[in-house]
Structures are given as structure tokens and as C-alpha cells.
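Trainee: Take a look at the following structure, please.
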Amino acid sequence: MKKYIVTINGKKFEVEVEEVSKNEQTSVIEAKKETAVSSHDKDVKAPMPGTILDIKVKVGDKFKKGDVLFILEAMKMENEIMAGEDGIVTEILVNKGNSVSTEEILAKYK
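And the structure:
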């Protein structure tokens, strides 16, 4: 086991990670690549189930990659939902206090 200290949303946690040997490793999953760029709105989705604690943007707001768009409480932790790219908010589909599921669309942008 290896111990690491990780920082999530400004809070430090100590985690232990079990080492896996080459013959124990079963599969490698590659990250999904964005391929097509269209003029249609794109979605901001919830990465996990939880409750919307705060909405940091409103319709018409411009944002940059890395800006915090939502605060989602999951497993008693506040998680920042950040922009993956620059954009302009075209629609917000949730309200503060809403419970959301994994991959639920929170907002649309272009």
C-alpha cells in the first residue's frame, strides 16, 4: 500500500492505494475524446448524484475553462462543477436544492 495526500476542493485527505502488479491488471480504459464541434448547445452534466447547493452562473454569462459553474453536495462533500471549456450559458435546467442523478443535464451552453 502507498499513502498519498490529495487535495479536493481545498481540503486535504490521506488515501491509501493498493499497488497492482502487471498480471493483476485486467483492463485499460481510454478517455473519451470530443470529436465534432457543432453550433448546437452543449451540456454541463452532473458527474455524480447529489444536491445542487449553489449555481454560480446565470443565462447569458460568459465563462472560461476552469470556472466554477455549480456546487454539488454528494456524500456530505461539496464538489465544484467546473467548465471544461470556454462558453456562454444558454439555459439552466436546475434550481438550488434540486436532487440530481449522474449525467443529468444541469445547464446548456455554446
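Just so you know, numbering that gives the first Met the number 0 puts 56 at position 57 of the sequence shown, and the rest follows in order with no gaps. In this text, a Cβ means the ideal position worked out from N, Cα and C, and glycines have one as well. Note that the coordinates shown come from a computational prediction; the quantities given were computed from them, not determined experimentally.
M47 to L68, Cα distance in whole Å?
Mentor: The residue labelled residue 47 in the question sits at position 48 within the sequence shown. The residue labelled residue 68 in the question sits at position 69 within the sequence shown. Roughly 15 Å separates the two Cα atoms.
Trainee: Using DSSP with H/G/I as helix, E/B as strand and the rest coil, what is T89?
Mentor: Taking the sequence shown and counting its residues from 1, the one referred to as residue 89 is at position 90. Note: T89 maps to strand in three-state DSSP.
Trainee: Can you list, in chain order, the residues of its chain whose CB lies under 7 Å from that of V56, leaving out five sequence neighbours each side?
Mentor: Counted from its first residue, the sequence shown places residue 56 at position 57. Cβ within range, chain order: F62, L68, V88.
Trainee: For I51 versus V99, is the C-beta distance shorter than 8 Å?
Mentor: Walking along the sequence shown from the start, residue 51 turns up at place 52. Walking along the sequence shown from the start, residue 99 turns up at place 100. Yes. Within cutoff.
Trainee: Which value, in whole angstroms, describes the spacing of the CA atoms of A35 and M81?
Mentor: Your numbering for residue 35 matches position 36 in the sequence shown. Your numbering for residue 81 matches position 82 in the sequence shown. Per-residue confidence for A35 stands at a pLDDT of 46, beneath the threshold of 50, marking its modelled position as unreliable; the derived number appears in the next sentence. If you take the alpha carbons of A35 and M81, they lie about 21 Å apart.
Trainee: Run through DSSP, which three-state label would M74 get?
Mentor: Against the sequence shown, residue 74 aligns to sequence position 75. Reduced to three states, the DSSP call for M74 is coil.
Trainee: Closest to Y108 by C-alpha separation, out of N8, L92, M0, would be which residue?
Mentor: If you number the sequence shown from 1, residue 108 lands on position 109. Of the candidates N8, L92, M0, the one whose C-alpha sits nearest the C-alpha of Y108 is L92.
Trainee: Can you list, in chain order, the residues of its chain whose CB lies under 8 Å from that of G65, leaving out five sequence neighbours each side?
Mentor: Along the sequence shown, one-based indexing puts residue 65 at 66. Result list for G65: M81, A82, in chain order.
Trainee: Note down the Cα distance separating G96 from V58, rounded to an integer number of angstroms.
Mentor: Translated into positions along the sequence shown, residue 96 becomes position 97. Translated into positions along the sequence shown, residue 58 becomes position 59. Whole-angstrom Cα-Cα distance: 18 Å.
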